[in-house]
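From first to last, the protein sequence lines stand for chains A and B. Just so you know, we're using the UniProt record's numbering here: the first sequence kicks off at 1 and counts up by one. Just so you know, we're using the UniProt record's numbering here: the second sequence kicks off at 1 and counts up by one. Below you'll find the structure, written out as structure tokens, and then a few comments.
2 protein chains.
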Amino acid sequence: MIQNLTEEYGNIFEPELINEIVQVGTFKEVPEGYKLIEIGDYLRGMPLLISGVIKILREDEDGDELLLYYLEKGDTCSMTMACCMGDAKSEIRAVAETDAKLIMVPIQKMEEWTAKYKSWRNFVFNSYHVRLNELLSTLDSIAFQKMDERLIGYLKEKARVTKDDIIHSTHQDIAYDLHSSRVVISRLLKKLEEMGKIKLHRNYLEILAL
Amino acid sequence: MIQNLTEEYGNIFEPELINEIVQVGTFKEVPEGYKLIEIGDYLRGMPLLISGVIKILREDEDGDELLLYYLEKGDTCSMTMACCMGDAKSEIRAVAETDAKLIMVPIQKMEEWTAKYKSWRNFVFNSYHVRLNELLSTLDSIAFQKMDERLIGYLKEKARVTKDDIIHSTHQDIAYDLHSSRVVISRLLKKLEEMGKIKLHRNYLEILAL
DNA sequence: ATCCTTCTGTAACCATTGTTACTGCACAGG
DNA sequence: CCTGTGCAGTAACAATGGTTACAGAAGGAT
Numbered sequence: 001m002i003q004n005l006t007e008e009y010g011n012i013f014e015p016e017l018i019n020e021i022v023q024v025g026t027f028k029e030v031p032e033g034y035k036l037i038e039i040g041d042y043l044r045g046m047p048l049l050i051s052g053v054i055k056i057l058r059e060d061e062d063g064d065e066l067l068l069y070y071l072e073k074g075d076t077c078s079m080t081m082a083c084c085m086g087d088a089k090s091e092i093r094a095v096a097e098t099d100a101k102l103i104m105v106p107i108q109k110m111e112e113w114t115a116k117y118k119s120w121r122n123f124v125f126n127s128y129h130v131r132l133n134e135l136l137s138t139l140d141s142i143a144f145q146k147m148d149e150r151l152i153g154y155l156k157e158k159a160r161v162t163k164d165d166i167i168h169s170t171h172q173d174i175a176y177d178l179h180s181s182r183v184v185i186s187r188l189l190k191k192l193e194e195m196g197k198i199k200l201h202r203n204y205l206e207i208l209a210l
Numbered sequence: 001m002i003q004n005l006t007e008e009y010g011n012i013f014e015p016e017l018i019n020e021i022v023q024v025g026t027f028k029e030v031p032e033g034y035k036l037i038e039i040g041d042y043l044r045g046m047p048l049l050i051s052g053v054i055k056i057l058r059e060d061e062d063g064d065e066l067l068l069y070y071l072e073k074g075d076t077c078s079m080t081m082a083c084c085m086g087d088a089k090s091e092i093r094a095v096a097e098t099d100a101k102l103i104m105v106p107i108q109k110m111e112e113w114t115a116k117y118k119s120w121r122n123f124v125f126n127s128y129h130v131r132l133n134e135l136l137s138t139l140d141s142i143a144f145q146k147m148d149e150r151l152i153g154y155l156k157e158k159a160r161v162t163k164d165d166i167i168h169s170t171h172q173d174i175a176y177d178l179h180s181s182r183v184v185i186s187r188l189l190k191k192l193e194e195m196g197k198i199k200l201h202r203n204y205l206e207i208l209a210l
């Protein structure tokens, strides 16, 4: 655990803080598809992501989903922090997009470290900053873009975070993330294939030139 | 300035912090419609709202607008804080929805006070928390609601923050805020009038029962 | 009063997205 | 090998929202 922490966070946290994290944190390794947080969950810990990708989803009363953004190594979940301040109920769902390693820190420490360590304060503020901007771009894409543009953006982003030009998703998977329907996504993907930008297969697709 | 501050913030900030704010802050009174922040502006100060309502807007490259949320007394602009951490360029526009009084605090103090005052830390974290959730509901309404529901929500929220069941807006104004077109809004408003929920007039409308 | 500008109402039309329904294909498991 | 299940392709249609165009009403300015 200590070497993982030092690798990812050694350059931003003071050694004493790293020590504290090692003391109170618990190491966790989760497989792809593992549901880390469900909407309405009471949060007891704050995750520090060591490796892998976590996707953060929003859902409404009817069960309609929407992908908000991905967390990558070095990220933490601002939503979690936000929740720790308030009623502590999660507003979002977190699912491992790939196998992932992370460290869970008890939320009680948050406040303490915020007073004690400048690096922690900067980290927390920076996380909020990044997450707010991430949410803003998500909002932009929903408000200002059409579905074909959103789809292209989605494929690009997914390829980026997984470092893989093969997208291992069914059309239905994509439709869920974009809060659309399978038929619509199939239609648009077919267009992209006709334009030579992607190549479709069963259960996956290749990005050729987006 | 001191009595304004004490009225709105006296119960959450320590007296020493109030003193510091009085020392370095500048009082500002702006009329309805005053543009406080434009997209791309470099931010030099952080606003603490004393009275009035500020609306926060997002805009894309083509100049299409979208209302994100309102700030009310006791609120501050998390976006501003977020911007102070990063490249300091504003991602949003802030316009006074009503006449408003506020205190501008130099951003250099933010970091200092965060280390020094627990109440300030809580205030800043809480602001982020509230703003994140506000952004989430905005996102919800765009992603999951249809225009008629969004319109009703908009009218209710506007009536709430202005404490006035008369909405002093033209159909075009509303269309801008909801990122729709005037004709669409007129159509939907007419339907609401036929349902007896509102009464339409030139340049304003009355909410009867929403 | 007359003119001009702005706001509103409305119709006709279009584009995008979502829905329903049905097809065939791929593949895993017996 | 057959069969069931899930995935993808496609057509026809519906609904929502956006666009264009035009007419008339309100209200201010001269």
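Glycine included, each C-beta is placed from N, C-alpha and C at the ideal position. The structure presented is a predicted model; accordingly, all values stated were derived computationally and were not measured.
Check: Report the residue from MET147/B, VAL124/B, LEU188/B whose alpha carbon sits nearest the alpha carbon of ILE107/B.; Outcome: VAL124/B
Check: Spell out whether any CB of chain B is found under 9 angstroms from the CB atom of TYR128/A.; Outcome: yes
Check: Please report how far the alpha carbon of LYS89/A lies from the alpha carbon of VAL30/A, in whole angstroms.; Outcome: 22 angstroms
Check: Which residue from TYR70/B, VAL130/B, TYR204/B puts its Cα closest to that of ILE56/B?; Outcome: TYR70/B
Check: Determine, using beta-carbon pairs with one atom in the stretch 5-19 of chain A and one in the stretch 57-69 of chain A, whether at least three such pairs fall under 8 angstroms.; Outcome: no
Check: Indicate whether the contact test is met: 3 or more Cβ pairs, each with one atom in the stretch 90-106 of chain A and one in the stretch 43-55 of chain A, closer than 8 angstroms.; Outcome: yes
Check: Which of the residues in the UniProt domain "HTH crp-type" (145-210) of chain B, read from start to end, lie with their CB under 7 angstroms from any CB of chain A?; Outcome: HIS179
Check: So what does DSSP say about THR80/A, is it helix, strand or coil?; Outcome: helix
Check: At which residues does the alpha helix (DSSP H) containing GLU157/A begin and terminate?; Outcome: 147-162
Check: ALA175/B by DSSP, collapsed to three states: which one?; Outcome: helix
Check: Which residues of chain B have a Cβ atom closer than 8 angstroms to the Cβ of MET79/A, listed in chain order?; Outcome: LEU132
Check: With a threshold of 16 other CB atoms inside 10 Å of the CB of ASP64/A, please say whether the residue is buried or exposed.; Outcome: exposed
Check: Taking Cβ-Cβ distances shorter than 9 angstroms, what residues in chain B pair up with LEU136/A?; Outcome: ARG58, LEU68, MET79, GLU91, ILE92, LEU135
Check: How about ILE142/B: is its C-beta nearer than 9 angstroms to some C-beta of chain A?; Outcome: yes
Check: Taking one C-beta from the stretch 177-189 of chain A and one from the stretch 146-156 of chain A each time, how about it: are there three or more such pairs within less than 8 angstroms?; Outcome: yes
Check: TYR186/B lies in the alpha helix (DSSP H); which residues open and close that run?; Outcome: Before going on, a small fix: residue 186/B reads as Ser here, not Tyr. Residues 182-194.
Check: Within 10 Å of its beta-carbon, does SER137/A have 16 or more other beta-carbons around it, so buried, or fewer, so exposed?; Outcome: exposed
Check: Quick check on ARG44/A: does DSSP put it in helix, strand or coil?; Outcome: coil
Check: Indicate the three-state DSSP secondary structure (helix, strand or coil) for ALA209/A in the structure shown.; Outcome: coil
Check: Tell me, please, whether the CB atom of ASP41/B is closer than 9 angstroms to any CB atom in chain A?; Outcome: no
Check: Would a C-beta distance cut-off of 9 angstroms place ILE185/A and GLN172/A closer than the cut-off?; Outcome: yes
Check: Anyone know if the C-beta pair for VAL161/A and GLU206/A falls short of 9 angstroms?; Outcome: no
Check: Within 9 angstroms of any Cβ in chain B, is that where the Cβ of PHE13/A sits?; Outcome: no
Check: So, is GLU32/B buried or exposed, given that buried needs 16 or more other C-beta atoms within 10 angstroms?; Outcome: exposed
Check: Could you work out which residues of chain A lie near THR114/B, taking near to mean beta carbons separated by less than 7 angstroms?; Outcome: ARG121
Check: Since LEU200/A contacts GLU194/A with CB under 8 angstroms, what's their CB separation in whole angstroms?; Outcome: Not confirmed; about 10 angstroms, so no contact.
Check: Please state whether DSSP places SER51/B in a helix, a strand or coil.; Outcome: strand
Check: What does a CB cutoff of less than 8 angstroms around ASP41/B pick up in its chain, not counting 5 residues either side in sequence?; Outcome: LYS89, SER90
Check: How many angstroms separate the CA atom of residue 270/B from the CA atom of ASN122/A?; Outcome: With chain B represented from 1 up to 210, any question about residue 270/B goes unanswered, as that position is not in the structure.
Check: State buried or exposed for ALA209/B, treating a residue as buried only when at least 16 other CB atoms are found within 10 Å of its CB.; Outcome: exposed
Check: Note down, in chain order, every chain B residue with its Cβ under 7 angstroms from the Cβ of ASP64/A.; Outcome: PHE144
Check: Residues in its own chain within less than 6 angstroms of ASP165/B by CB, not counting five upstream and five downstream?; Outcome: ALA159, ILE207
Check: Using a threshold of 9 angstroms, state whether the C-beta atoms of ILE18/A and LEU5/A are closer than that.; Outcome: yes
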